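Residue numbers (numbering that gives the first Met the number 0): 0 to 455.
Idealized CB from N, CA, C, for every residue including glycine.
In this text the structure is predicted, and so the values were computed from the model without any measurement.
Let me begin by presenting the structure, written as structure tokens, before commenting on it.
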Amino acid sequence: MTASAVTAAETREPSNLFYQTRTRRPVVAGAEGIYIWDRQGRRYIDGSSGAMVANIGHRNPRVLAAMRRQMEEATFAYRLHFENEAAETLAKRIAARMPEHLERVFFASGGSEAVESCVKLARQHALATGQASRYKVISRFPSYHGATLGALALTGYAPMTAPFAPMMHEMPKVPAPTCYLDNDDLDWEARGLRYAEMLRDEIRRQGAETVLAFVMEPVGGASTGALVAPDSYYGRIRDICDEYGVLLILDEVMSGVGRTGRFLAAEHWRLRPDIVALSKGFAAGYAPLGAMVADRRLVEPVLEAGGFIHGYTYAGNPLACAAGLAVLEEIESRDLMANAEQMGKILKRGLRGLMARLPFIGDVRGLGLLLALELVADRRTMRPLPRELEAHSRLVEIAYERGLIIYSRRTRGGLEGDHFMVCPPMIVDEPQITEILALLEESLAAFAAQAGLPTA
Ligand SMILES: Cc1ncc(COP(=O)(O)O)c(C=O)c1O
């Protein structure tokens, strides 16, 4: 934080609110496009779209107008008492964007809720079709699927799961396909197949008759830093799931709704899921919104058997759905997915340029505008920087002082390693990317100077 922002934070009233830490942040005063302003008039570039949420930027007039219209009509009508047009239309529009058969939509208010809905539908489908022995959901390590206890049982991120381990039914994990860390003689695609086969091994180890589903982020989020597997991985995963009657749940909470340049990241590989979770960019920060989109062939037997035993008070909230619908219209009418793809290429090229100049950048990865860079002590071995350097939080603070917001996590399951998501809104243009890269380079140089790292 700058001196003025620090002073402002320190002289403020104590807060009754608390989140993770005692850190205070400046108070937001306004936001427009890719920029946010605080009460001191400082401008920040939202280089991570918040937590990869504000996909169409801030204060979008189409979305604000749609929400105002909805507010005049009804802000809430309980789903068991009334249907609402915003939810119905949004469900139709989403279904039209999905692979064949993924037609049934269940709304939630966030990513954790969406993921839990997917798991509960899968389980109820198993019960409705005489497969009661199936209840295990295999996921990957590292991964992030949410913070509520059900979703957390799927999450592979040690610092977040460990305290709650005794309270959860922790689910089996297979390694995420971190092929870029492997030091072997296999080529890239062969490595992808090797990781996919780990799923087969785990299904067999658990007993296929007990395995309900496999859940994964097709392009990784914050826990892996935009991890993309080799092409070979995706098709083999689908085949293995089919072979053992295991449902494939794609967690597209972060990667979905256009951020990677396709509506679903899965489209890059023509990967067909059975169930998908969406949130974050879905209503793009204008309202809390998430969704499960499921194959109708899964939903029908559940409804037939007596109904889906699950629900949230705010499921299908008209205001949230009106926001989601307007966000979708904005993405479609301005072709923002094409912009994400094109600007993503330019930003990635720029990040690779930084990597060429700065030896402590070990990897640049991701698709579209879901991009990340990883810092290492040794690029050849990919040995992480010393833990105590706390690079993941320090660089974020250094960039913040310069008016650039990026998002970081520890790389290796939360235990060590440092990666940074650079994920501006999908409306970003080329001059803004140049600005982001300049601030990032300045921040990396300042971090290197503080940490005593070589810059050439
Ligand atoms: C891939 C993925 N799944 C699920 C979630 C949980 O979403 P929420 O924080 O909205 O509950 C997140 C949030 O970061 C995520 O990135």
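Cα-Cα separation between residue i and residue j, rounded to whole angstroms
i	j	result
residue 124	residue 352	49 Å
residue 5	residue 453	Only weak support is given to the placement of residue 5: the predicted model assigns it a pLDDT of 46, under 50, and the value that follows is read from those uncertain coordinates. Residue 5 and residue 453: Cα-Cα distance of roughly 30 Å.
residue 64	residue 321	10 Å
residue 268	residue 197	20 Å
residue 49	residue 129	44 Å
residue 11	residue 230	51 Å
residue 256	residue 263	6 Å
residue 2	residue 213	For residue 2, the predicted model reports a pLDDT of 40, less than 50, meaning its position is unreliable and no value from the coordinates is stated.
residue 442	residue 448	10 Å
residue 276	residue 144	10 Å
residue 90	residue 357	46 Å
residue 109	residue 150	12 Å
residue 292	residue 298	10 Å
residue 0	residue 166	With a pLDDT of 41 at residue 0, under the threshold of 50, the predicted position of this residue should be treated as unreliable, though the coordinate-derived value follows. When rounded, the distance between both Cα atoms is 38 Å.
residue 270	residue 316	30 Å
residue 359	residue 67	48 Å
residue 175	residue 99	27 Å
residue 121	residue 302	13 Å
residue 93	residue 380	43 Å
residue 431	residue 215	32 Å
residue 69	residue 325	11 Å
residue 85	residue 203	44 Å
residue 141	residue 71	44 Å
residue 413	residue 173	16 Å
residue 119	residue 314	15 Å
residue 40	residue 287	27 Å
residue 312	residue 200	40 Å
residue 266	residue 236	15 Å
residue 309	residue 238	30 Å
Contact under 8 Å by Cβ, residue i with residue j
i	j	result
residue 224	residue 420	yes
residue 260	residue 340	yes
residue 58	residue 87	no
residue 406	residue 62	no
residue 170	residue 136	yes
residue 25	residue 38	yes
residue 186	residue 404	no
residue 361	residue 107	no
residue 35	residue 427	no
residue 73	residue 83	yes
residue 111	residue 157	no
residue 209	residue 132	yes
residue 402	residue 436	no
residue 28	residue 424	no
residue 318	residue 55	no
Neighbourhood of residue i by C-beta, 8 Å cutoff - its chain only, sequence neighbours within 5 removed
i	result
residue 370	225, 343, 346, 347, 350, 363, 364, 420, 421 and 422
residue 51	220, 221, 253, 258, 279, 280, 369, 406, 420 and 422
residue 22	none
residue 446	390, 393, 394, 397 and 452
residue 205	135, 137 and 171
residue 47	404, 405, 406, 420, 421, 422 and 423
Same chain only: Cβ atoms within 6 Å of residue i, ignoring 5 sequence neighbours per side
i	result
residue 177	none
residue 416	383, 409 and 410
residue 103	293, 295 and 298
residue 388	450
Check: residue i C-beta below 7 Å from any heavy atom of ligand 3
i	result
residue 253	Only ligand 1 can be found as ligands here, which leaves ligand 3 out of the picture.
Contacting residues, own chain, Cβ-Cβ under 7 Å from residue i (five flanking each side not counted)
i	result
residue 466	The structure shown does not extend to residue 466, since the chain spans only 0 to 455, so no value can be given for it.
residue 227	218, 364, 365 and 366
residue 148	163, 166 and 167
residue 243	202, 207 and 210
Minimum Cβ-Cβ distance from residue i to chain E less than 8 Å
i	result
residue 369	The structure shown contains no chain E, having only a single protein chain.
### Query
Using 8 Å as the threshold, is the segment 180 to 198 in touch with the segment 150 to 163, meaning 3 or more CB pairs across them?
no
### Task
Would you be able to state if there are at least three C-beta pairs under 8 Å between the segment 323 to 337 and the segment 279 to 293?
yes
### Query
Taking contact to mean at least 3 C-beta pairs separated by less than 8 Å, is the segment 57 to 77 in contact with the segment 242 to 254?
no
### Query
Between the segment 373 to 380 and the segment 186 to 206, do three or more beta carbon pairs fall short of 8 Å?
no
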